[in-house]
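Taking it in order: structure first as structure tokens, then the write-up.
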Amino acid sequence: MPSTSQENPLISEYIAQLSTQERIVLKIASEHLETSFDIEKSIGYKNWFRTTVKEKL
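The opening residue of the sequence shown carries number -1 in the numbering used here; numbering runs sequentially from there.
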């Protein structure tokens, strides 16, 4: 997984709620894209952030 999950608790929370299949896809994406992969720019993370985090604010 990307190292940013260790730095950002929201990313850790997002990854924790993913299904097994989604975690596999995330792992494949990060392995194939390497340094160009940014979870915060992914559609899944943006949608989760918009619906989960912004509702709490």
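Don't be surprised by glycine CBs; every beta carbon is placed ideally from N, CA and C.
Practice problem: Report the option in Gln19, Glu5 and Leu24 whose CA atom is closest to the CA atom of Tyr43. | Solution: The residue you call residue 43 lines up with position 45 of the sequence shown. When only C-alpha atoms are compared, the closest one is Leu24.
Self-check item: Endpoints, alpha helix (DSSP H) assigned at Ser28
Solution: The residue given as residue 28 occupies position 30 in the sequence shown. Unbroken alpha helix (DSSP H) run through Ser28: Thr18 to Leu31.
Quiz item: Nearest-angstrom Cα distance between Ile9 and Ile37?
Solution: By one-based count along the sequence shown, residue 9 stands at place 11. By one-based count along the sequence shown, residue 37 stands at place 39. Cα to Cα, the separation comes out at about 8 Å.
Quiz item: Thinking C-alpha only, which one of His30, Phe35, Asn45 and Lys54 is nearest Leu16?
Solution: For this step, residue 16 is matched to residue 18 along the sequence shown. Looking at the Cα atoms, Asn45 is the closest of the given residues.
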